[in-house]
Amino acid sequence: ELFRMCGDNEPLSRGIWTFERSGVDIDDLELQKAFSFIFCECEAPSGCCEYFVTVSAIEVTDSDDHDAVVDNVRITALAQSSGDCIYEDNYKKLDGKRDCIDCKTKHPKEKKILLECGEGTGSRTFTSSNDSAFQLAHVKLDTTCLCRPMVNIEFSSIVSFDAIGDDGDVQLRYELFRVCDNRKPISVGIWSVDRMDMDIVFIDKSTNTFDFTFCDCVTCPGCCEYFVTVTPITITEGVITATVSNGRIAALAQEI
Numbered sequence: 005e006l007f008r009m010c011g012d013n014e015p016l017s018r019g020i021w022t023f024e025r026s027g028v029d030i031d032d033l034e035l036q037k038a039f040s041f042i043f044c045e046c047e048a049p050s051g052c053c054e055y056f057v058t059v060s061a062i063e064v065t066d067s068d069d070h071d072a073v074v075d076n077v078r079i080t081a082l083a084q085s086s087g088d089c090i091y092e093d094n095y096k097k098l099d100g101k102r103d104c105i106d107c108k109t110k111h112p113k114e115k116k117i118l119l120e121c122g123e124g125t126g127s128r129t130f131t132s133s134n135d136s137a138f139q140l141a142h143v144k145l146d147t148t149c150l151c152r153p154m155v156n157i158e159f160s161s162i163v164s165f166d167a168i169g170d171d172g173d174v175q176l177r178y179e180l181f182r183v184c185d186n187r188k189p190i191s192v193g194i195w196s197v198d199r200m201d202m203d204i205v206f207i208d209k210s211t212n213t214f215d216f217t218f219c220d221c222v223t224c225p226g227c228c229e230y231f232v233t234v235t236p237i238t239i240t241e242g243v244i245t246a247t248v249s250n251g252r253i254a255a256l257a258q259e260i
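Counting from 1 along the sequence shown, just add 4 to a position and that's the residue number in our numbering.
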């Protein structure tokens, strides 16, 4: 769970992610998995804030042979002014004016760097390879003020597999599209997520993160939208299902 704490205020939950392994039938087998996410928010309070992540054990089977270890943690924060004037009730006043922000823009300047937060579009459970593709997240940005812009896309999501038997296969295709000025969408990247039958281990339900970054160096200045779709390529019907959710996307643009 990600929290934000600003000043003397109480910590505020900003997002929850779940990691799950259940029905694991293993013998002296160590499972290791990286877990990562991104989070982007608009209109964050001005001032000194701390972001921190907590890990809580919701359910862990009591066993002398197996346990869960969380280590090697990294976190990074990137902040940028939106250029908008946002008043908060807890801002102090000085001589009738706000002492932390001057809302009179005397000399507007072009932004050399743009950070835009996107939106997720919900969740979808796939039960068959005939199911239609689902758009999981999208982000819009206007790079008109940038000369020869480069765009970096950060994306993360949750993907869960729920198996009834031990012989189910799943392959999902994540695809990143770019569409500019209402033109035809162009595919700029494809990633695959697989859950194949393994004789050495059977896990009836698992929840992981899937994330990627993509750098686009060929964009022209203008208004563009990036969106991610998920398409089921292979699903063993009646044996296993796949659910994608919690899509998060952010775009960082900078002129060369």
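Built from N, CA and C at the ideal position, the CB exists for glycine as well.
Under the DSSP assignment, Glu-179 falls in the beta strand (DSSP E) whose first and last residues are 174 to 184. Its Cα nearest to that of Arg-177, the residue Trp-195 stands out among Val-163, Trp-195 and Ser-161. Burial is judged here by how many other beta carbons sit within 10 angstroms of a residue's own beta carbon; Gly-251 has at least 16 and is buried.
With 16 or more other Cβ atoms from the protein chains shown falling within 10 Å of its own Cβ, Cys-228 counts as buried. Apart from the 5 residues on each side of it in sequence, Glu-158 sits with its Cβ closer than 6 Å to the Cβ of Ile-42, Thr-217 and Ala-254 in its chain, given in chain order. Taking a cut-off of 8 Å on C-beta distances, the stretch 230 to 246 touches the stretch 118 to 138, as three or more cross pairs fall below it. For Asp-208, no pairing in a beta bridge is given by DSSP. Listed in chain order, the alpha helix (DSSP H) runs fully inside the stretch 132 to 161 amount to none, counting runs of at least 4 residues. Cα atoms of Val-243 and Pro-15: separation of roughly 42 Å, rounded to the nearest angstrom. Here the alpha carbon of Gly-193 sits roughly 20 Å from the alpha carbon of Pro-225. For Val-234, the enclosing beta strand (DSSP E) covers residues 227 to 239. Checking the DSSP bridge columns, you'll see Gly-124 partnered with Ala-141. Contact check for Ala-72 against Ala-48 fails: the beta carbons are separated by 9 Å or more. DSSP, reduced to helix, strand and coil, places Val-64 outside both helices and strands of the structure shown, so it counts as coil.
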